[in-house]
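Numbering (full-length UniProt numbering), first residue to last: 3 to 455.
Glycine included, each C-beta is placed from N, C-alpha and C at the ideal position.
Have a look at the structure below, then the notes.
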Ligand code: GBH
């Protein structure tokens with residue numbers, strides 16, 4: 003390239019994001035790529051059950067095969083290392099590594115030991131999430147995240163895994179997107195286990211966050227040198243009409259998506275506006291719970307994808323509306339990088355104790371064009387470029403952002419959308435399981451190789 007930008011034309015040439023000190027990575031999650039759903043004593047998870055419930059997942063897709071990463075892990079490590087990224091974010095499948103009675107499943111753990119060792123050999127740092135939505139089904143059978151016991155079982159699981167994998171992991175995250183586990187899983191039922199009651203959502207979220215807080219001391223004790231954090235999805239909303247009512251609706255949307263979790267973690271309380279939006283949904287909180295939830299973390303992972311438009315809606319507070327004429331992805335999500343900047347600077351203002359931030363997911367689904375062995379995805383590179391530029395602006399405005407992970411390394415099982423949506427920078431042919439670097443991956447590889455200290 004003659005312009006020296008390596009294909010990232012929006013990210014300023016002098017940005018710290020272009021330097022080697024800014025961590026660049028790719029991300030995946032266990033259920034979405036591993037397959038081998040009953041190999042080596044893996045137990046069923048709530049997502050296995052959900053996939054088998056008619057009408058829940060598009061085309062009846064399941065995670066049984068996915069990207070066959072459980073077999074192809076070594077090839078996938080080569081892919082990651084050859085991209086030249088600094089780090090790989092992955093998750094551990096709870097049902098693979100812990101048996102019903104709480105004892106370890108050695109074969110399941112061996113898989114992650116091999117994987118982490120190979121990543122280390124290839125010089126790739128590892129950001130490991132303990133829970134990316136695959137709750138063992140036997141715990142759901144006893145109430146799942148509605149049962150306070152599950153928080154303690156999660157802490158046991160974190161203790162077991164961090165004892166076994168200590169020294170092999172760069173940084174730990176307890177939960178991925180507890181908002182999704184709680185609201186999509188127990189509130190609107192779009193995700194496993196598919197329950198539908200707002201009171202369930204607030205109680206589930208409380209138990210998820212309690213589990214997070216209970217896990218922190220075990221991670222600290224077993225693997226003291228690895229930083230500990232949590233990953234939150236954040237959402238941005240704009241008013242559909244310029245009325246005070248719609249402004250309030252947009253505010254409530256962001257309370258429901260962001261403050262619900264961040265206030266609990268960083269202010270040790272749930273926001274009052276959440277219960278203005280959802281009256282009489284206060285979870286049962288025992289004395290001391292909020293202190294456990296608010297235990298200090300070393301970093302905060304932020305997953306950001308899109309902005310919504312909302313208008314006020316009497317009983318529901320807000321309702322999303324589809325505004326025409328906006329740039330959208332294959333998910334129909336609006337492309338709006340400036341919302342990422344705005345949210346990050348807003349968090350910095352709202353939370354004086356905001357820890358260092360990593361963007362642990364950002365990326366888009368596209369209608370990739372496969373042609374003569376190449377995969378053209380110009381929208382994806384543009385999306386990533388503009389969101390990196392937004393991160394750069396947030397850094398300039400004083401937000402301590404230390405890294406950025408692309409979602410995702412591979413096309414994979416996109417939850418309720420099955421295999422119909424492709425987020426990878428690497429294309430997966432599900433017939434042959436062949437991996438092909440998309441144009442975006444080639445450009446990112448060039449960009450990574452061009453970085454200066
Ligand atoms: C992430 O979640 C996940 O961590 C990852 O596993 C996933 O593959 C990736 O993003 C791409 O989707 O209220 O039912 O209309 C995405 C965050 C936030 C997306 C909430 C869906 C609205 C769902 N999500 N959003 S709904």
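Classification of residue i by the beta-carbon crowding that lies within 10 angstroms, buried from 16 upward
i	result
residue 24	buried
residue 58	buried
residue 286	exposed
residue 324	exposed
residue 260	buried
residue 414	buried
residue 103	exposed
residue 132	buried
residue 76	exposed
residue 288	exposed
residue 305	buried
residue 265	buried
residue 433	exposed
residue 277	exposed
residue 15	exposed
residue 290	exposed
residue 317	exposed
residue 124	exposed
residue 13	buried
residue 107	buried
residue 329	exposed
residue 204	buried
residue 180	buried
Residue nearest to residue i in terms of C-alpha spacing, selected from the options
i	options	result
residue 428	240, 390, 439	439
residue 292	306, 132, 280, 273	273
residue 242	234, 30, 253, 232	253
residue 228	164, 195, 37, 234	164
residue 393	267, 359, 376	359
residue 403	224, 442, 417, 362	362
residue 385	50, 410, 269, 338	338
residue 421	34, 185, 396, 343	34
residue 66	370, 411, 226, 47	47
residue 172	198, 117, 126	126
residue 351	340, 61, 399	399
residue 431	418, 408, 375	375
residue 53	344, 303, 44, 68	68
residue 343	100, 235, 401	401
residue 100	391, 147, 138, 282	138
residue 39	283, 72, 78	72
residue 80	112, 43, 44, 118	118
residue 200	210, 189, 209, 207	189
residue 418	83, 267, 60	60
residue 49	284, 135, 110	135
residue 153	215, 299, 19, 249	215
residue 341	240, 245, 20	240
Beta-carbon separation (whole angstroms), residue i vs residue j, contact threshold 8 angstroms
i	j	result
residue 98	residue 170	Contact doesn't hold; Cβ gap of about 16 angstroms is too wide.
residue 367	residue 424	6 angstroms
residue 93	residue 31	5 angstroms
residue 129	residue 89	6 angstroms
residue 207	residue 177	Not confirmed; about 10 angstroms, so no contact.
residue 231	residue 302	6 angstroms
residue 156	residue 213	4 angstroms
residue 28	residue 82	6 angstroms
Sequence-distant residues of the same chain with beta carbon closer than 7 angstroms to residue i, five excluded per side
i	result
residue 445	8, 9, 383
residue 237	255, 256, 259, 260, 310
residue 17	394
residue 202	148, 188, 189
Own chain residues within Cβ distance below 6 angstroms of residue i, not counting five before or after
i	result
residue 22	453, 455
residue 322	310, 312
residue 70	37, 435
residue 331	366, 367
residue 319	254, 279
residue 63	420, 421
residue 441	378, 379
residue 364	306, 389
residue 219	none
residue 282	none
residue 74	none
residue 391	12, 13
residue 225	164, 168
residue 145	none
Spatial neighbours of residue i in its chain, beta-carbon cut-off 8 angstroms, leaving aside the 5 residues before and after
i	result
residue 347	396, 399, 400, 401
residue 86	447, 450, 451
residue 3	Its pLDDT being 46, under 50, residue 3 is placed unreliably in this model, and the coordinates cannot settle the point.
residue 186	192, 193
residue 371	377, 378, 379
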